[in-house]
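Visitor: The structure's right below; bear with me while I get my questions together.
Residue numbers (our numbering): 334 to 516.
Following this line, the structure appears as structure tokens:
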């Protein structure tokens with residue numbers, strides 16, 4: 334009897350873990366997952382910040398938006414995800430796409446990463462918007478445990494993207510190469 338009670342307890346913990354949600358930052362008004370912050374960088378002009386944002390996006394293989402707006406840089410990013418398939422022993426793969434924007438002013442910038450959406454590869458189900466508690470394709474195509482794994486991977490990659498963006502925008506241009514006659 335004690336063994337069966339322990340097994341039920343372990344199963345309950347597994348179900349609880351599978352239903353745990355990643356603590357994404359959610360914007361109050363839109364209820365969308367949104368990573369955003371205003372960052373101050375003294376003595377850097379908006380033109381230089383825009384150049385740095387473009388360099389960051391090009392280095393991270395972000396696709397630029399078709400139309401750019403003055404004083405901001407917009408692009409699309411993606412996260413490659415892999416997760417357990419509904420078929421035992423197999424792993425499915427997918428992409429989570431999102432939009433990124435950097436708004437620049439003299440001495441500061443604001444970044445916004447939002448509109449996170451999952452698409453399965455190789456004909457597997459599309460989970461849709463990551464704000465959903467269950468995947469759009471249904472939990473019989475994409476299990477809740479796999480859905481949560483997709484969210485965990487996306488959260489980690491979004492945090493990495495934010496860190497790399499901040500580093501790229503805070504880092505100034507490389508100093509000019511010194512000539513042998515400079516001493």
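Each residue gets a CB set at the ideal place from its N, CA and C atoms; glycine is no exception.
List the residues that DSSP assigns as beta-bridge partners of residue 425.
Guide: Partner(s): 416.
Visitor: Assuming residue 502 and residue 382 are in contact, meaning their beta carbons sit under 8 Å apart, how far apart are those beta carbons, in whole angstroms?
Guide: Sure, about 6 Å apart at Cβ, within 8 Å.
Visitor: Quick check: the Cα distance between residue 504 and residue 434, rounded to an integer number of angstroms?
Guide: Their Cα atoms are separated by approximately 19 Å.
Visitor: Quick check on residue 402: buried or exposed, where buried means 16 or more other Cβ atoms within 10 Å of its Cβ?
Guide: Looking at its Cβ environment, which holds fewer than 16 other Cβ atoms inside 10 Å, residue 402 is exposed.
Visitor: Tell me which same chain residues have a C-beta within less than 7 Å of the C-beta of residue 387, skipping the five on either side of it?
Guide: Excluding sequence neighbours, residue 387 sits near 406.
Visitor: Determine the DSSP secondary structure at residue 385, reduced to helix, strand or coil.
Guide: It is helical.
Visitor: Does the beta-carbon distance from residue 448 to residue 466 come in below 7 Å?
Guide: Not closer than 7 Å, so no.
Visitor: Would you mind sorting residue 412 into buried or exposed? The rule is 16 or more other CB atoms within 10 Å of its CB.
Guide: Residue 412 is buried by the Cβ-count criterion.
Visitor: List the residues that DSSP assigns as beta-bridge partners of residue 451.
Guide: BP columns for residue 451 point to 429 and 461.
Visitor: Within 10 angstroms of the Cβ of residue 446, are there 16 or more other Cβ atoms? Answer buried if so, exposed if not.
Guide: Label assigned to residue 446: buried.
Visitor: Going by CA-CA distance only, name the one from 438, 355, 437 and 479 that's closest to residue 421.
Guide: Nearest of 438, 355, 437 and 479 to residue 421, Cα basis: 479.
Visitor: Just to confirm the assignment, what range does the alpha helix (DSSP H) spanning residue 495 have?
Guide: Unbroken alpha helix (DSSP H) run through residue 495: 477-503.
Visitor: Which of helix, strand or coil does DSSP assign to residue 376?
Guide: Residue 376 falls in the coil class under three-state DSSP.
Visitor: From 481, 460, 440 and 389, pick the residue whose C-alpha is nearest to that of residue 428; which is it?
Guide: Of the candidates 481, 460, 440 and 389, the one whose C-alpha sits nearest the C-alpha of residue 428 is 460.
Visitor: For residue 410, which three-state DSSP category applies?
Guide: DSSP places residue 410 in strand when its eight states are reduced to three.
Visitor: Once you ignore the five residues that flank residue 484 on each side, which residues in its own chain have a CB closer than 8 Å to its CB?
Guide: Cβ neighbours of residue 484 beyond the five flanking positions: 354, 355, 357 and 463.
Visitor: Mind reading off the beta-carbon distance from residue 442 to residue 359? Whole number of angstroms is fine, and I expect it under 8 Å.
Guide: Actually they are not in contact, since the Cβ atoms of residue 442 and residue 359 sit about 22 Å apart, beyond 8 Å.
Visitor: Does the beta-carbon distance from residue 309 to residue 436 come in below 7 Å?
Guide: Residue 309 falls outside the range modelled here, since the chain spans only 334 to 516, and no answer is possible.
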